[in-house]
Structure formats: structure tokens, C-alpha cells
Amino acid sequence: MLVPRFKRRFSRGVLVVGAAFMVTMAACSTAPQITVDERPNRPTTVFEPSYDPQTDPAKLAVPLKSLPGYQTGTPGTDGWTSIPMTGSDGDVSWRMWNRENQVREKHAADQTVAFGAPQTYTKVPGVLTFRGNNFRDAPAYGTADVNEKKLSIVWTQEIGEAHGDASYWPGAGWTGQPLLVNWPEQTRKAMGFAPEFADKDLTEVIYPVFEGKVHRLDLDTGKQTKNPIDVGCGFKGTGSIDPRGYPLLYSGQGLNDMDNNKDTEDCPFRYRIFDLIQNKEVSGWTGQDDPARPRKGWGAFDSSALVNAATDTLIEPAENGLVYKAKLNAKFDPAAKTVSVNPLLTKLEYKTPVSVDRTVNGKLREAHGVESSAAAYRNLMYATDNDGNLICWDATTMRIVWARDIGDDSDASIVIEDTPAGPFLYQGNTLDKRGETGGPMETNLRKINALTGDIVWEKNVPTVASYPNNGGLLATPALGQGETADLVIFNVSKTAAPFCIFGKCLGDFSGDLVALDRNTGKLAWSRHLDRYSWSSPVIFQGKDGHSYGVFGDAGGLLHLFDPNTGQDYSTLSLGKNIEASPAIYNNMLVVASYDKKIFGVRIS
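Throughout the sequence shown, residue numbering follows my numbering, covering 31 to 634 in sequence.
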């Protein structure tokens, strides 16, 4: 978002503490307000879709010159190259920087980088990055044995809080998804776990959180598998585990001031790589990356990295306005119980007609940053930014392929769908710049052609501008599966008028869960929420062949719902705001809340 994340966190903390009467109001609500429309494309049969197992980047890569409307680019000065924007006037321009922060005329890649089908992202069971893979469509692994349609807390792990910049961050927040990994046997044995875990078929919870620690827990019991890694500088986004099963964690720092830690009052922004054998940081790079970074006043890393296993390459967009490509040079020796990494960086800088700083209420507001997690279709990668750009770039050459203006800041990660008609993107924005300039008071939910950037359909949802907690789409959309394969579900916040009492308005607390037909964008159903949600909805499959959904809300309720209708089966209170996004492994769900706990929840 254009406002620094700490400002939104401060406001959110105040609202959580000071709005008990709103919780009471929500508790008095009757059945959810649900609007139902037609579903002409509802599946009549349920089947497991096939996929291409190819992982050779050279065979997967889409030749750029084969793309409709492909532009070679016009060279400019200082290493810049430009092509026309898609769908609007003006150009998008880009240039590359090397690891010594020198401008490169071009990135002479020594190998093709391309991702395969999302099912091939990793062979390791679990959820190893935000939303599980390069399509960002798999926050749940396996199937759940659902009989009672209930949620119950199995274990909890106490976690801390962070204070900084006159603000307060308890527990875990946006996007804050845990990582769930069922380690390969050779990795587990190299890790040096205590005997009770060394010989167990261990699924580990790896969870970086606000307090500046990375927690390591047993999924079944919640017991610590190893001591937390205490960095002392806070995390907001979601980390990534190396998809090769290497004991490496990649996680960017989201907070730069931790004044609850007297020894670490100042935390310069840094992207961090952890050796999970030694349980410590072993590499990384700064977010205060001068002179390359276009955004000088902020350098956080909220994006969850993608690692291309075939080429040992990591891709990580940053809030400083750069997209990092790292040749990792990672090596893992299970017998010696060692792992090492030596990242060599290339950095993409870009700008468009909407990539401008602006003054609001007499204060400079820098933009240019990416908070969403990049998605990848073969060699084509996608992300949205704080300025209101959607960019597509080539993972091999790191050149821009196309870019379009999407109207406003967009933090929710793109989700990709691959169909016989080609690949498509699902995306939505927030109400940020338009709330200040008097633009349309709406969130735009869209399906976009991934090869050209053309809009296939658009659904506009009326939204409230209530700075500093912006309304709109903060949660990543969920693609339906099986019996719900015709649907895409968006979780939109602040969709009703602000609530005012005794002459004071406390901002809007409500939201809408919206299910749209993936072919047409027409409404299948919508559900009004008493408490809005930034937590990304998760669709998972039951052993009974049915689809189920889960999402958390700002009132602290975890909802188990029917994605066919939007109706709840049951709810479970996790105490306070569930801003983080859950991950699921078979019948176990893990998520943290503002109640300063990590919860292991059983789906039954």
C-alpha cells in the first residue's frame, strides 16, 4: 500500500483494543446476509485435472516473440528501455542493476528460467511458500476427513508482540501464512532434531512472526522441534522453504523499528536466508539498496519468494521498488549435515506514468513498492504494486513484457489459472489513491489474459475509503476446486458505510465474501460479513469429494464454510483479529492471531 505498513498496523491495533462494542454488535447478528445468483457453469462431474510433469525450463519457456502484441523495446539513456503500456497511454520503462549496483545494459542470462505446472513446484509434501506454489493456488495440502464439519483447537504456542514507530503489532498479521513441510528423511536426519522428532515422519510448522522470531513446531502436537530463531527484527509477510527439500528458509523483514527490544532498537531492512540445520541466518541482502532502489524511504520485504528448483534461482520483489533475481548457488550435503548458499543478484527497476511520489496533507508519500507475492506461468512472472501497476516480466532476461494501470494500489497476490484457452490472472485492487483524489469508490475485481494483459471481465464492488486501514482486496483470491471449479472467491474489506456513534465515526468494520463465475465474472453468491477480513480464504478438498472453505476475520472468528453457498458450517474464536492467512495439511490448520498465539486447529 502507499501508506507505510506501520501506519495501518497502528490503526488496526487501536481498533482491536477499542471496539469491544463492535464485537457485541457482531455477536447479535443473525444468519449471514447471503445473495445467491445462478451458476450456469457449475461442474456436473468432479475429476482430478491432469497436468504436464515437465520441469525442464528450456522446454517450458514461452518465446517472447510469439506473444500477441510483443514489443522489442526502444533503448533510452542510462540503461532504460521502454515499451507502450497495455490499455493506456504512456510507456513502461525498465533497466537492470548488477550486484555491485551498477546499471547493466541488459541481463545476459546464462540459463533459461521457467516454472512448470504448479503441481511440479515441489515434490516435498506441504505448503512451502505463500499459497503453496508458483500459481499461488494451493494453500492446502492433501485431503481432510470431514465428518462433523467443526473446528477445534488442538494446541497453542504463545508468541510475542512488537512495538515501534509509535505503533503495535501483536502475534502475526498480513500476510503471515505459516509454512508446513513434511521433510524428506535425509533432510530430517541432517537437521539435528531431538530424538522424539528425529525418527518421526515429521511435518514441521515454520512461522516467522512480528516479535522477530521464527518458530519451529511439530504440526501434530505444537511442541517446539528446535528453539526459535531469534532475529530481533520483525516479520510481516510469509517466508518460503526451498522446494528441493533443502533445509533453507527465505524470509524478508517487514519491520524496521523494534523498540520493545532494547538491544535492537533499529532494524535496517534486510532479506534473510536461514540455515535450518544451524538454526541461524547465513546470508541475505539489504532493503536499503542504494543507489538502485527507486523508493528511498522504505525497504521492507513482504513478498514470499518463489524458487525455481531446476535453475537454483530465487525471485523476490521488494517494497523498495526492485525485483530481485538471485542465483543461489545452494548446496546441501545430507551426509555431512551442511547446507550453504551464495546468492548472486540481478535487480530489475521499472517505472510507468503512475509511478510517481505525491504529497498528501503536506507529507511526501513514496510509492513504487511491491507487497504482493509474485506468481509465475512458465518464464512469465507477475506482480502488482503500490502505484497501481500490474507488471509482467521474463524470468530469464528480467525485461518487462507488458504492464497495465490497474487503477489503484494492489497488495493481494495474483492467482493464475491455466486453461485450454490459455493462462489467466485473477486480481483485485484496494481503495487507496482514489480515496484521496475522489476517484471511484470501488474495488475492481478482474480476470486478465496472462499473455497480453487484456481485461477479460471486471466486477466492481462499492468500497469505503477509511484511511489509514484501506478498504478493498487485501486477501488473495481462492480458486474453487472439484465441485466449485467454476468459482473464484474474493474477500473484500470495508464494503459498507462507516459506523458512527455519539458523533464519532470509527470506520467501517464490515466486508463481503464474493464468489464469481470464472468464465463470465457474474455473481454466483455474495455474503456480507459483520467483520471484514484481510485473511486469504482457503479452499480444500474433503475425502467425501466435497469442497470446503476456511477464512478468518477481524473479529477473531475462524469460519468453516460451504464454498458452494457461502454459508458457515461452524465458527471458532481465536481471540482477536485473524489477519494472517491459514495453511492446511490434511486435517490440521495452522494460523496465528492478534491474541499472540499460534493455533493448531483440527478440522473434523
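Just so it is clear, CB atoms sit at the ideal spot from N, CA and C, and this is done for glycine as well.
Note that the coordinates shown come from a computational prediction; the quantities given were computed from them, not determined experimentally.
Option nearest residue i by Cα separation, candidates the options
i: residue 301; options: 274, 272, 333, 634; result: 333
i: residue 194; options: 157, 108, 133, 287; result: 287
i: residue 88; options: 160, 139, 592, 117; result: 139
i: residue 575; options: 73, 64, 66; result: 73
i: residue 630; options: 446, 254, 409; result: 254
i: residue 175; options: 615, 627, 621, 623; result: 615
i: residue 248; options: 511, 104, 229, 430; result: 229
i: residue 180; options: 625, 623, 618; result: 618
i: residue 156; options: 445, 279, 169, 444; result: 169
i: residue 526; options: 517, 557, 548; result: 557
i: residue 165; options: 509, 94, 577; result: 509
i: residue 415; options: 404, 405, 399; result: 399
i: residue 299; options: 281, 308, 307, 309; result: 281
i: residue 242; options: 277, 201, 109; result: 201
i: residue 104; options: 96, 98, 97, 113; result: 113
C-alpha distance - residue i paired with residue j, whole-angstrom precision
i: residue 451; j: residue 481; result: 11 Å
i: residue 539; j: residue 596; result: 19 Å
i: residue 330; j: residue 177; result: 43 Å
i: residue 374; j: residue 490; result: 42 Å
i: residue 199; j: residue 240; result: 6 Å
i: residue 544; j: residue 365; result: 51 Å
i: residue 640; j: residue 468; result: Nothing in the structure corresponds to residue 640, since the chain is present only between 31 and 634.
i: residue 133; j: residue 319; result: 13 Å
i: residue 227; j: residue 337; result: 27 Å
i: residue 197; j: residue 289; result: 10 Å
i: residue 47; j: residue 130; result: Confidence at residue 47 is low in this model, with a pLDDT of 34, below 50, so its placement is unreliable and no value can be given for it.
i: residue 347; j: residue 340; result: 20 Å
i: residue 350; j: residue 553; result: 37 Å
i: residue 4; j: residue 392; result: With the chain running from 31 to 634 in the structure shown, residue 4 is simply not present.
i: residue 153; j: residue 233; result: 14 Å
i: residue 594; j: residue 514; result: 6 Å
i: residue 258; j: residue 297; result: 19 Å
i: residue 335; j: residue 244; result: 16 Å
i: residue 71; j: residue 550; result: 9 Å
i: residue 633; j: residue 624; result: 21 Å
i: residue 409; j: residue 90; result: 8 Å
i: residue 401; j: residue 441; result: 5 Å
i: residue 627; j: residue 251; result: 14 Å
i: residue 217; j: residue 362; result: 9 Å
i: residue 263; j: residue 307; result: 21 Å
i: residue 403; j: residue 231; result: 30 Å
i: residue 246; j: residue 580; result: 24 Å
i: residue 81; j: residue 146; result: 9 Å
i: residue 376; j: residue 354; result: 6 Å
i: residue 418; j: residue 485; result: 15 Å
i: residue 35; j: residue 466; result: Legend: pLDDT at residue 35 = 39, less than 50; position of this residue unreliable, no value from coordinates given.
i: residue 371; j: residue 411; result: 24 Å
Supposed contact pair residue j and residue i - C-beta distance, whole angstroms, cut 8 Å
i: residue 669; j: residue 344; result: Given a span of 31 to 634 for the chain in the structure shown, any question on residue 669 remains unanswerable.
i: residue 396; j: residue 328; result: 6 Å
i: residue 608; j: residue 621; result: 6 Å
i: residue 161; j: residue 506; result: 6 Å
i: residue 236; j: residue 261; result: So it is not a contact: roughly 13 Å between Cβ atoms.
i: residue 494; j: residue 501; result: 5 Å
i: residue 504; j: residue 459; result: Actually they are not in contact, since the Cβ atoms of residue 504 and residue 459 sit about 10 Å apart, beyond 8 Å.
i: residue 445; j: residue 405; result: 7 Å
i: residue 220; j: residue 148; result: Residue 220 to residue 148, Cβ: 28 Å. No contact.
i: residue 173; j: residue 511; result: With 8 Å as the limit, residue 173 and residue 511 do not qualify as a contact, their Cβ atoms being about 11 Å apart.
Residue i at chain C interface by Cβ criterion, 8 Å
i: residue 321; result: No chain C is present in this structure, which holds just one protein chain.
Every unbroken beta strand (DSSP E) inside the region 592 to 627 [3 residues or more]:
598 to 603, 613 to 615, 618 to 623
Does the count of Cβ pairs from the region 582 to 589 and the region 189 to 209 closer than 8 Å reach three?
no
Complete alpha helix (DSSP H) runs within the region 82 to 117 (minimum length 4 residues, chain order)
87 to 90
Does the region 556 to 571 come close enough to the region 512 to 522 that 3 or more CB-CB pairs lie under 8 Å?
yes
Report yes or no: do the region 594 to 613 and the region 468 to 488 share at least 3 C-beta pairs separated by less than 8 Å?
no
Threshold first: 3 residues or longer. Then list the beta strand (DSSP E) segments lying entirely within the region 416 to 451, N to C.
For the beta strand (DSSP E) assignment, the uninterrupted runs of no fewer than 3 residues enclosed by the region 416 to 451 are, from N- to C-terminal side, 419 to 424, 430 to 435, 445 to 449.
Just list the beta strand (DSSP E) runs in the region 311 to 388, keeping only unbroken ones of 3 residues or longer that don't cross its boundaries, in chain order.
The DSSP assignment places complete beta strand (DSSP E) segments of no fewer than 3 residues inside the region 311 to 388 at 336 to 338, 343 to 347, 352 to 357, 361 to 363, 368 to 370, 374 to 381, in order along the chain.
Using a Cβ distance threshold of 8 Å, determine whether the region 377 to 386 contacts the region 109 to 127, with at least three qualifying pairs required.
yes
Contact the region 417 to 432 vs the region 178 to 186: 3+ CB pairs below 8 Å:
No, they do not touch.
State whether the region 262 to 281 contacts the region 355 to 363, with contact taken as three or more CB pairs (one from each stretch) at a distance under 8 Å.
Segments in contact, yes.
Any 3 or more C-beta pairs closer than 8 Å across the region 434 to 449 and the region 102 to 120:
yes
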